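S.K.: First the structure, which I've put down as C-alpha cells, then a few questions once you've had a look.
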Amino acid sequence: MIMINFARHRFKHFLKLSCILIYLSIVESQSNYPNNPNLIKNFIPDSKLDGIEDFYDSSLNESANNHDYESTSSRYDSDCYDSVTGEAKKCMPEFVNAAFGLKITASNTCGQKVPSEYCIQTNLHGLYFRGSYHDKSHSSCRKCDFYDKRYAHPPEFLNDYNNEGNITWWQSDTMLEGIQYPNSVNLTLNLGKSFEINYVQIRFHSPRPESFAIYKQTNESSEWLPYQFYSASCRITYGKDTNQIVKPGNEAVALCTDEFSDIAPLTGASVVFGTLENRPSAYNFENTPELIEWVTATDIRITLNRLNTFGDEVFNDPQVLKSYYYAISDIAVGGRCKCNGHASRCIFEQQQDFEDRLKCKCEHYTDGPDCNVCLPFYNDVPWSPATQFNGHECKRICDQLVTYYKKHNISFFKTLQQR
Ligand SMILES: [Ca+2]
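According to the working numbering, the residues represented by the sequence shown are 47 to 465, in order.
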C-alpha cells in the first residue's frame, strides 16, 4: 500500500513537472514572453510554482483572447469552422489580382533621363507578319517625357485600372538608346507577403519580345528563381531546350516555349503563364509540397531580354531604331494571400517598425504572417497546414487536462499540486 501511494505521488509529480517543463520550453522559445532558464536548471522549487502556474493559466487565456478565438459565436460564424459542428476546417482568402495598385519598379522607362522620341510600327495594310514587306516611311513618331503627364509612360501604368477605352502603358527607351540584347529591362513587383500564385498575365502594347522570362522570389531574401522562359531562341538566349516535358517528382522547373515570340500582332497580344499548367501533380496539389512551394511567391519579376525586329535595324537608321522598344499595358497576378488554410482574410497590420504590412487574419490558434506557426502555448501537436479533410487546428499544451480543469473552474496546476 505504501508502495502504491508512493508510485501515485511520483506519477502526479512527474505529470505536473512535465506540463510545466513543456510550458517553460515554449516560453523560452517565445522571445516576446518572459523566461527564466534557472527555473528549469533547478528543477523548479515548490515555492516558485504558484507564480508560474498563475502565469501559465492567465497566459493561455490571454494568448487566445488576444486573437479573439474564445468567442463561440465568432467560431461558428467564421469560414474557418464548420457552421454546424464548430470543427476547424480549411479556409482561404479570396482570389485576387495581387498586382493591382501595388508599386512596380522598372529598371528603364522612356523619357526618364531626357525626353525622347519613339516611332510606331505601321504599314499600308496596318498588319505585319514576320518576313513580309513593310514600309517605315508610314511610321509616325511621338514624344516620351517621364516628367510631363501628357507624354509619360511610367511603371504605375502597368497595374492601374485597365480601361479598354483608354489604355495606359509603361514603355522603355528604344533601340536607339541601346535597349537591345544583351542589355535587358526588369519589371519588379513586391507583393508584400507570400501569395499562392495561379497565373501571371502580361498584355503587350508593343509587339511581344523575342525573348523574355518570368522569375519569382519565395521570400524577400531568397534568390530569383525562373518560372517560365518565352523565346524564339531558347537554346541561344537561355540555354534551355524548347517545350520540354515536366516529369512527376521534378515539377518545380521552368520551361522555355517559342509559342509566344512572334512579332505579330503588333499590339494587344497577351501572354498568360499558369503556374500549375503542365504539372502532372496539379490534380493532387494539396499533397504535393514541391508544387505548394512552386506556387508560393513574395515577389515577381519580368525580365525583357531581346526585342523582336524585322531585321532592318542592321542599317542603323535612327528612324528604324526608334521603332523598336518594349511597351506593356497591363500585368495581372492572379492568386490568393497565402495563409496555409488557417485564415479567410488578409489585412494590413502595423508592425514593430510602424510600417503597415499585409498579414493573414489567423484562426485555428495559429499565428505568423502566413499562419505558419502555432500561437504561444498552443503547441500540443506540431503545426500543420489545413487540408480538405483536416483543419489541423493547433492544440493547447496538455489540452485535455486543461479542458478538464477549466470545465471544473479549477486552476490546472494548483489542482495537480493538491492531489
Ligand atoms: Ca495600364
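All C-beta atoms, glycine included, are put in the ideal place defined by N, C-alpha and C. All values reported here derive from a predicted model rather than from experimental measurement.
Where does the unbroken beta strand (DSSP E) through I225 begin, and where does it stop?
M.R.: Where I225 is concerned, there is no enclosing beta strand (DSSP E), given that its DSSP letter is neither H nor E.
S.K.: Judging by CA-CA distance, which residue of A373, C156, N425 and L337 is the nearest neighbour of N354?
M.R.: A373
S.K.: Let's test the definition: count the other Cβ atoms within 10 Å of the Cβ of G387 and tell me whether it reaches 16, buried, or not, exposed.
M.R.: With 16 or more Cβ atoms within 10 Å of its Cβ, G387 is classed as buried.
S.K.: Three or more C-beta pairs closer than 8 angstroms, one from the stretch 374-384 and one from the stretch 359-366: is that the case here?
M.R.: no
S.K.: What span of residues does the alpha helix (DSSP H) with L367 cover, start to end?
M.R.: P364 to L367
S.K.: Ligand 1 and T151: does any heavy atom of the ligand fall closer than 8 angstroms to the residue's C-beta?
M.R.: No.
S.K.: Just to confirm, does W215 get its C-beta within under 8 angstroms of one of the non-hydrogen atoms of ligand 1?
M.R.: yes
S.K.: Is it right to say H454 is buried, meaning 16 or more other beta carbons lie within 10 angstroms of its own, or is it exposed?
M.R.: exposed
S.K.: For L204 and P253, which I take to be in contact (beta-carbon distance under 8 angstroms), what is that distance rounded to the nearest angstrom?
M.R.: Between P253 and L204 the Cβ distance is about 17 angstroms, and since that is not below 8 angstroms, they are no contact.
S.K.: According to DSSP, is H454 part of a helix, a strand, or is it coil?
M.R.: coil
S.K.: Looking at T155: is its Cβ nearer than 9 angstroms to the Cβ of S240?
M.R.: no
S.K.: Starting from the Cα of K195, find the closest Cα among P161, E409 and F423 and give me that residue.
M.R.: P161
S.K.: Would you call the CB atoms of Y207 and R188 closer than 9 angstroms?
M.R.: no
S.K.: Cα-Cα, which of I338, R249, A298 and F250 is closest to N324?
M.R.: With distances taken between Cα atoms, N324 lies closest to A298.
S.K.: Would you say the stretch 124-138 touches the stretch 406-415, given that touching needs at least three Cβ pairs under 8 angstroms?
M.R.: yes
S.K.: Run the proximity test for N208: is its beta-carbon closer than 8 angstroms to any non-hydrogen atom belonging to ligand 2?
M.R.: By its list of ligands, the structure shown excludes ligand 2, since it contains just ligand 1.
S.K.: Could you check if G238 is buried or exposed, using at least 16 other CB atoms within 10 Å of its CB as the buried criterion?
M.R.: buried
S.K.: Does the contact criterion of 3 or more C-beta pairs under 8 angstroms hold for the stretch 262-278 versus the stretch 336-348?
M.R.: yes
S.K.: Between the beta-carbon of G381 and the beta-carbon of I166, is there less than 9 angstroms?
M.R.: no
S.K.: Within 10 angstroms of its Cβ, does T151 collect 16 or more other Cβ (buried), or is it exposed?
M.R.: exposed
S.K.: Could you spell out the range, first to last residue, of the beta strand (DSSP E) harbouring V299?
M.R.: That residue, V299, is in no beta strand (DSSP E); it is neither H nor E in DSSP.
S.K.: Label G211 either buried or exposed according to how many other C-beta atoms from any shown protein chain fall within 10 Å of its C-beta, with 16 as the threshold for buried.
M.R.: With fewer than 16 Cβ atoms within 10 Å of its Cβ, G211 is classed as exposed.
S.K.: If you drop the 5 nearest sequence neighbours on each side, which residues of the same chain put their C-beta closer than 8 angstroms to that of S316?
M.R.: Q247, I248, R249 and F250
S.K.: Starting from K293, follow its DSSP beta bridges and name the residues at the other end.
M.R.: Beta-bridge pairing links K293 to N296.
S.K.: Considering only C-alpha positions, which residue in the set G224, Q158, P228 and E223 is nearest to H199?
M.R.: Q158
S.K.: Does the Cβ of F319 lie closer than 8 angstroms to at least one heavy atom of ligand 1?
M.R.: no
S.K.: Excluding the 5 residues flanking V231 on each side, which residues of the same chain have their C-beta closer than 8 angstroms to its C-beta?
M.R.: A152, S153, N154, S218, I225, T349, L350 and Y372
S.K.: Quick check: what's the CA-CA separation for V360 versus K405?
M.R.: 52 angstroms
S.K.: What's the call for F141, buried or exposed, on a 16-neighbour Cβ count within 10 Å?
M.R.: exposed
S.K.: So the beta strand (DSSP E) L337 belongs to, where does it begin and stop?
M.R.: Where L337 is concerned, there is no enclosing beta strand (DSSP E), although the alpha helix (DSSP H) it sits in stretches over P335 to V341.
S.K.: Per DSSP, which residues does I166 bridge with? Please list them.
M.R.: S186
S.K.: How far does the beta strand (DSSP E) with A259 in it extend, from its first residue to its last?
M.R.: S257 to Q263
S.K.: Please state whether the Cβ-Cβ distance between S277 and R391 is less than 9 angstroms.
M.R.: no
S.K.: Going by beta-carbon coordinates alone, are I443 and N425 separated by less than 9 angstroms?
M.R.: yes
S.K.: Going by CA-CA distance only, name the one from S267, L337 and P415 that's closest to G320.
M.R.: Considering only S267, L337 and P415, the residue with the shortest C-alpha distance to G320 is L337.
S.K.: Using the Cα positions of W215 and Y197, report the straight-line distance between them to the nearest angstrom.
M.R.: 11 angstroms
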